[in-house]
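*Asks:* Residue numbers (my numbering): 1355 to 1896.
I am attaching a structure below and will ask some questions about it afterwards.
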């Protein structure tokens, strides 16, 4: 009973603080207008509001990699196969069944016959061929130069796509590829309406047309995205009539909106704010271990980080303990490498460079004496302003690291940008150092190690490998792992690759964080997928 009284007092105290903050910052109604832009027939019970820190960048599934865009396109579009509700195991989606040739290079998919796009056109084999070929063929009339995910994941995988008949399509790959089926469930190869894309190839990213359980209604950039239930959906219909994503940049205002009922779900709350949610009788938390990694990347093609000794010294200089304990409030674990513990091939015994600023300073002093490092140069340290699921307070983390580096004689200037600009800058390699992270798509080590650290993905202008780390040995191991079909064999390659990467130290791996979402208790059947995406078709409001 005493515990309940204390709990109630804590809730009242925290609520008072939030109310005071709201009064100081202006009326909540000026920030959030739940009814704006909704049809007259919509009711609060039918519409679910989601508050998050950033808006989507674009809504063409082939052109996005940020969490905000990926989640929206995941409600609108579908691939041939999809992940099961609570795992990365694959099940049928737009394809009902498939078979693979004896040599593992020809995959034939039988398609559902009762599916239409949101514009009423038929989803058939030609639509599948179109969706793949516009990315595969650079001469295709609807090809876009920023099909980055295809270039980084599928370009060396898919050789051809062909229509067998109206409801059968065959995908030919260059060689047997272990994670192929899991990769086909990823958002970039979702099937799009050829009619809509042809009508406006560039505008399609603002007015998307898919086959999913929700259809696109409207988008006010920087404010909201409105989706409506697809009542012609081939599968089980969504339980809510509308889904509205609201951009509420300030975390405190997101929490106030959630507590006041103006939104139903909130992403990206700060670790210290989660206590309020946990104590509040009308709010709840959903959390899972994140298949993610936050990291400090060093541009290995620029001095001084073209010297492995300097890179290892940076690893020695960065103290992860206060970052995990204070910034993440313990809701993360320190990372040793790219793979989180939730991904197979993760190795807890991976060699770790321990915190030792004294030893790091010795290395930097030697580099200065040997003129391998100019101590008067201030390095450009690029940092996202926008909180990420794997990086809740990026500027705070960056300043901790900046101080750590200054202690060993490395001076830097922070370049803080909105996430969209941050991605563009780091993909072009404008940084010396950058803070970034990744959330896994398909539960396969390839999605981390190949995507983030293979030389194939270190292409200036569209790099996922923002360390621009080049290693022929690592590339060979990751290529072998892709072609192997035996999981134990693949794991051996991945373990050796991780050991080589650890020795070369292109990153300082920082943390693997929990994925935590806050909701009102009247929101039911909300769960976080291991890919960190929330699928709202199953969600209801009591």
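No residue lacks a Cβ here, since even glycine has one placed at the ideal position from N, Cα and C.
Since the structure is predicted, the reported quantities are computational estimates derived from the model, not experimental observations.
Please list the terminal residues of the continuous beta strand (DSSP E) segment that includes residue 1445.
*Replies:* One-based indexing of the chain shown puts residue 1445 at position 91. Segment 1444-1446, the beta strand (DSSP E) holding residue 1445.
*Asks:* Using the Cα positions of residue 1503 and residue 1664, report the straight-line distance between them to the nearest angstrom.
*Replies:* If you number the chain shown from 1, residue 1503 lands on position 149. If you number the chain shown from 1, residue 1664 lands on position 310. C-alpha separation (whole angstroms): 31 Å.
*Asks:* Could you name the residues that DSSP lists as bridge partners for residue 1607?
*Replies:* Taking the chain shown and counting its residues from 1, the one referred to as residue 1607 is at position 253. Bridge partners of residue 1607: none, in fact.
*Asks:* Could you check where the alpha helix (DSSP H) with residue 1405 kicks off and where it finishes?
*Replies:* Stepping through the chain shown from its first residue, residue 1405 is reached at position 51. Residue 1405 -> not in any alpha helix (DSSP H); beta strand (DSSP E) instead, spanning 1401-1406.
*Asks:* Verify whether the separation of the beta carbon atoms of residue 1868 and residue 1641 is less than 8 Å.
*Replies:* Taking the first residue of the chain shown as position 1, residue 1868 is located at position 514. Taking the first residue of the chain shown as position 1, residue 1641 is located at position 287. Yes. Within cutoff.
*Asks:* Quick one: Cα of residue 1508 to Cα of residue 1728, how far?
*Replies:* Indexing the chain shown from 1 puts residue 1508 at position 154. Indexing the chain shown from 1 puts residue 1728 at position 374. Rounded to the nearest angstrom, the two C-alpha atoms are 41 Å apart.
*Asks:* Grab the span of the beta strand (DSSP E) containing residue 1791 for me, first residue to last.
*Replies:* If you number the chain shown from 1, residue 1791 lands on position 437. 1787-1793 is the span of the beta strand (DSSP E), which, as asked, contains residue 1791.
*Asks:* Quick one: is residue 1478 buried, meaning 16 or more other Cβ sit within 10 Å of its Cβ, or exposed?
*Replies:* Taking the chain shown and counting its residues from 1, one reaches residue 1478 at position 124. Buried, by the Cβ-count rule.
*Asks:* Which residues does DSSP pair with residue 1646 in a beta bridge?
*Replies:* For the purposes of this step, residue 1646 is identified with residue 292 of the chain shown, where counting begins at 1. Beta-bridge pairing links residue 1646 to 1793.
*Asks:* What separation, rounded to the nearest whole angstrom, lies between the Cα atoms of residue 1871 and residue 1457?
*Replies:* To locate residue 1871, count along the chain shown from 1; it is residue 517. To locate residue 1457, count along the chain shown from 1; it is residue 103. Cα to Cα, the separation comes out at about 44 Å.
*Asks:* Which whole-angstrom value describes the C-beta separation of residue 1437 and residue 1883, a residue pair presumed to lie in contact below a C-beta threshold of 8 Å?
*Replies:* Numbered from its first residue, the chain shown carries residue 1437 at position 83. Numbered from its first residue, the chain shown carries residue 1883 at position 529. Indeed, because the Cβ distance is near 7 Å, the residues count as touching under 8 Å.
*Asks:* Check whether the stretch 1832-1846 and the stretch 1785-1796 are in contact - that is, three or more C-beta pairs closer than 8 Å.
*Replies:* Segments in contact, no.
*Asks:* Could you check where the beta strand (DSSP E) with residue 1771 kicks off and where it finishes?
*Replies:* Within the chain shown, numbered from 1, the residue matching residue 1771 stands at position 417. It spans 1766-1771 - the beta strand (DSSP E) in which residue 1771 sits, taken as one unbroken run.
*Asks:* From the DSSP output, which residues share a beta bridge with residue 1652?
*Replies:* What you label residue 1652 is simply residue 298 of the chain shown in a count that begins at 1. Beta-bridge pairing links residue 1652 to 1787.
*Asks:* Closest to residue 1708 by CA distance: which of 1854, 1726, 1515, 1673 is it?
*Replies:* On the chain shown, residue 1708 is found 354 positions in, with the first residue counted as 1. Comparing Cα positions, the closest option is 1673.
*Asks:* Is it true that the CB of residue 1735 sits closer than 8 Å to the CB of residue 1767?
*Replies:* Indexing the chain shown from 1 puts residue 1767 at position 413. Indexing the chain shown from 1 puts residue 1735 at position 381. Yes, they are a contact pair.
*Asks:* Between the beta-carbon of residue 1637 and the beta-carbon of residue 1613, is there less than 8 Å?
*Replies:* In the chain shown, the residue the question calls residue 1637 occupies position 283. In the chain shown, the residue the question calls residue 1613 occupies position 259. The answer is yes: Cβ separation under 8 Å.
*Asks:* Which of helix, strand or coil does DSSP assign to residue 1638?
*Replies:* On the chain shown, residue 1638 is found 284 positions in, with the first residue counted as 1. Looking at residue 1638 - three-state DSSP - the assignment turns out to be strand.
*Asks:* Indicate the three-state DSSP secondary structure (helix, strand or coil) for residue 1813 in the structure shown.
*Replies:* Residue mapping note: residue 1813 aligns to position 459 of the chain shown, counting from 1. Residue 1813: coil per DSSP, three-state reduction.
*Asks:* Excluding the 5 residues preceding and the 5 following residue 1796 in the sequence, name in chain order all residues of the same chain whose CB lies nearer than 7 Å to its CB.
*Replies:* Mapped onto the chain shown, residue 1796 falls at position 442. Closer than 7 Å at the Cβ level, and outside the excluded window around residue 1796, lie 1442, 1533, 1536, 1537, 1539, 1540.
*Asks:* Taking C-alpha atoms, which residue in 1491, 1495, 1497 lies nearest to residue 1513?
*Replies:* Numbered from 1 along the chain shown, position 159 holds the residue referred to as residue 1513. Closest option to residue 1513, Cα to Cα, is 1491.
*Asks:* Under DSSP, the alpha helix (DSSP H) around residue 1423 begins and ends at which residues?
*Replies:* What you label residue 1423 is simply residue 69 of the chain shown in a count that begins at 1. Segment 1421-1430, the alpha helix (DSSP H) holding residue 1423.
*Asks:* Which residues does DSSP list as the beta-bridge partners of residue 1866?
*Replies:* For the purposes of this step, residue 1866 is taken as the residue at position 512 of the chain shown. For residue 1866, which the question treats as bridged, DSSP gives the partners 1687.
*Asks:* Return the residue from the list 1419, 1639, 1402, 1573 that minimises the CA-CA distance to residue 1542.
*Replies:* Counted from its first residue, the chain shown places residue 1542 at position 188. Comparing Cα-Cα distances from residue 1542 to each of 1419, 1639, 1402, 1573, the minimum goes to 1419.
*Asks:* Determine the contact status of residue 1645 and residue 1697, defining contact as a CB-CB distance below 8 Å.
*Replies:* The sequence position of residue 1645 within the chain shown is 291, counting from 1. The sequence position of residue 1697 within the chain shown is 343, counting from 1. Yes, the Cβ-Cβ distance between residue 1645 and residue 1697 is below 8 Å.
*Asks:* I'd like the span of the beta strand (DSSP E) that includes residue 1437, first residue to last.
*Replies:* Numbered from its first residue, the chain shown carries residue 1437 at position 83. Counting along the chain, the beta strand (DSSP E) containing residue 1437 begins and ends at 1435-1437.
*Asks:* Using DSSP with H/G/I as helix, E/B as strand and the rest coil, what is residue 1627?
*Replies:* Position 273 of the chain shown holds residue 1627. It is helical.
*Asks:* When you compare the CB positions of residue 1752 and residue 1737, do they come within less than 8 Å of one another, or not?
*Replies:* Reading the chain shown from its first residue, position 398 is the one you call residue 1752. Reading the chain shown from its first residue, position 383 is the one you call residue 1737. Result yes, Cβ atoms of residue 1752 and residue 1737 sit closer than 8 Å.
*Asks:* Any idea which residues DSSP pairs residue 1888 with across the strands?
*Replies:* Taking the chain shown and counting its residues from 1, the one referred to as residue 1888 is at position 534. Per DSSP, 1882.
*Asks:* Indicate the three-state DSSP secondary structure (helix, strand or coil) for residue 1382 in the structure shown.
*Replies:* For the purposes of this step, residue 1382 is taken as residue 28 along the chain shown, with counting starting at 1. Low confidence applies to residue 1382: its pLDDT is 31, below 50, so where it sits in the model is not reliable, and the reading given next is rough at best. In this structure, residue 1382 counts as helix in the three-state DSSP scheme.
*Asks:* Alpha carbon to alpha carbon, how far is residue 1355 from residue 1633?
*Replies:* Taking the chain shown and counting its residues from 1, one reaches residue 1355 at position 1. Taking the chain shown and counting its residues from 1, one reaches residue 1633 at position 279. For residue 1355, the pLDDT reaches just 33, beneath the cut-off of 50, and the residue's location in the model is therefore unreliable, leaving the point undetermined.
*Asks:* Let me know if residue 1626 comes out buried or exposed under the rule of 16 or more other beta-carbons within 10 Å of its beta-carbon.
*Replies:* Position 272 of the chain shown, counting from 1, holds the residue named residue 1626. Answer is exposed; the Cβ neighbour count stays below 16.
*Asks:* Closest to residue 1476 by C-alpha separation, out of 1452, 1549, 1425, would be which residue?
*Replies:* Within the chain shown, residue 1476 is the residue found at index 122, counting from 1. Ranking 1452, 1549, 1425 by Cα distance to residue 1476 puts 1549 first.
*Asks:* Would you mind giving the Cβ-Cβ distance between residue 1432 and residue 1572, rounded to the nearest angstrom? I have them listed as a contact below 8 Å.
*Replies:* Reading the chain shown from its first residue, position 78 is the one you call residue 1432. Reading the chain shown from its first residue, position 218 is the one you call residue 1572. Their Cβ separation, rounded to whole angstroms, is 21 Å, which puts residue 1432 and residue 1572 out of contact at 8 Å.
*Asks:* Have a look at the DSSP bridge pairing and note the partners of residue 1861.
*Replies:* Translated into positions along the chain shown, residue 1861 becomes position 507. Paired residue(s): 1651.
*Asks:* When the Cα atoms are used, what is the spatial distance from residue 1647 to residue 1866?
*Replies:* Position 293 of the chain shown holds residue 1647. Position 512 of the chain shown holds residue 1866. So the alpha carbons of these two residues sit roughly 5 Å apart.
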